[in-house]
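In this text, residue positions in the sequence shown follow full-length UniProt numbering: the first is 1, and each later residue adds one.
Ideal Cβ positions, reconstructed from N, Cα and C, are used throughout, including at glycine.
Quick caveat, the model's predicted, so the values are computed rather than measured.
Beneath this line is the structure, given in structure tokens, with notes to follow.
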Amino acid sequence: MSEAREDAVAHKPDGLWPALVAGAAASAVSRAITYPPDLVKAQLQIQGLLGHHGQHSLSTLQLSRQIANAEGAAGFYRGFGAVLAGVVPATMVYYAAYETSKKYVPDELGPLKGMTVGLMTQLAAGLAFTPVDIIKERMQAQRLMRHAYSYTGPAHAAASILRSQGAGGLLRGYWLTNAVWLPWNTLYIALYQQSKQTLAACLQASAAQTQIQESSAAAPQPAPAPLPGWAIGACSAASAAAAAVITHPLDVVKTRLQVGAASPTAAGGASSLQIARHLQATEGWQGFGRGLGARVVTIAPGAALQWFLYETIKSSLD
């Protein structure tokens, strides 16, 4: 090995810190862009806790107008401090767990390796994301839940929850969070990989056809080229949207469980199953679809942007 090559290998950065830096940057940018629809989604999902059933429920557009009229543009970023203080570090935990799991889970597991990596990543990330989600969603829903609580900021919210419910209050819904995101990650990765392979094959076939048309002589098959940025974004967004639709009912129950814990009503101490049964009885199956549009608008571009930035930044640091 040449001296230059040895020097390059010796100074190659560790695989973890590039993931941490890339994850933090990607998370901050994507969350800042997708936070407004995420806030609307959270408020749509808890309308049933306030007795807003059937014709009294607001649509995504109606609620967005109400927020804009009542609080202006700042209203769409209520609780965003929880993102800066919590979601970014939690995302760093997610990518650290992802890279570490990939390194230590044996290749001999074959197709099960990806599933195992996803499982380990989500279980670790859930410990970081659950407290952040609880604080974020309560801050987002505070305008509608003033009868139950009034926080001055994310730090005050965390302190109040710890004081009234103990440490367990910040992990309320941990297993339900995993019930939402474990299948989401599994579906997302499977759909994302398949859509990338399909699109890559289509683009390669198109390139080969163009080459044949432009040359009368037989030409070798063009080598597969990396997918362009727009293709990666499209595959990620479509896969994330499909996974979001499938897992949305669980997300509605999770949000009500976490936000309703602060309510003085019976819903505050209800289990996931009790909340689901009450939701179906009072609002019908359509209640499980509350905020679906806002969630898709949040997750699809957010996942596309975050994973694109993560891969790009990490590659530049490796």
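Alpha-carbon spacing of residue i relative to residue j, whole angstroms
i	j	result
residue 326	E137	No information on residue 326 is available, as it lies outside the stretch 1 to 318 that the chain covers here.
A267	Y104	Low confidence applies here, because A267 scores a pLDDT of 46, under 50, leaving its location unreliable; read the following figure in that light. Going by the C-alpha atoms only, they are around 42 Å apart.
F129	A205	42 Å
Q306	A155	26 Å
H278	Q45	14 Å
I246	E71	33 Å
C235	A270	38 Å
K314	F288	37 Å
W181	L171	15 Å
L127	T177	10 Å
A241	A167	33 Å
D318	S59	46 Å
G169	S160	10 Å
S150	L112	46 Å
Y192	L250	22 Å
A148	P226	52 Å
V296	R290	12 Å
A24	V132	15 Å
A303	A42	18 Å
Y94	L119	11 Å
R163	G233	43 Å
M145	K196	43 Å
R78	R65	15 Å
A28	A68	23 Å
Y310	A32	15 Å
P106	I189	19 Å
L84	G75	17 Å
R143	T298	20 Å
F80	Q47	21 Å
For residue i, the three-state DSSP class (helix, strand or coil)
i	result
D318	coil
R172	coil
L250	helix
Y151	coil
A128	helix
P301	helix
S271	coil
R5	The predicted model places R5 with a pLDDT of 42, which falls under 50 and marks its position as unreliable, so this point remains unresolved.
A239	Residue identity differs from the one stated: residue 239 is Ser in this sequence, not Ala. It is helical.
M145	coil
S206	helix
S195	helix
P228	coil
P264	Unreliable placement is indicated for P264, whose pLDDT of 44 sits below 50; the coordinate value is still reported in the next sentence. Reduced to three states, the DSSP call for P264 is coil.
Exposure of residue i, with buried meaning 16 or more beta-carbon neighbours within 10 Å
i	result
I135	buried
A73	exposed
L273	exposed
T152	exposed
T34	buried
T198	exposed
S101	buried
residue 351	A query on residue 351 cannot be resolved here, the shown segment of the chain reaching from 1 to 318 and no further.
G229	exposed
G173	buried
T282	exposed
S30	buried
Anticipated Cβ contact below 8 Å, residue i with residue j, distance rounded
i	j	result
M92	L20	5 Å
T186	M115	7 Å
residue 321	P301	Nothing about residue 321 can be reported from this structure: the residues present for the chain run from 1 to 318 only.
V40	L63	6 Å
V259	A141	5 Å
A124	A90	A124 to A90, Cβ: 10 Å. No contact.
E108	L16	The Cβ separation is near 23 Å, so there is no contact.
A294	P37	5 Å
W184	A243	5 Å
Start and end residues, alpha helix (DSSP H) containing residue i
i	result
Q45	16-45
E108	Element bounds for E108: n/a, residue is neither H nor E.
A68	60-71
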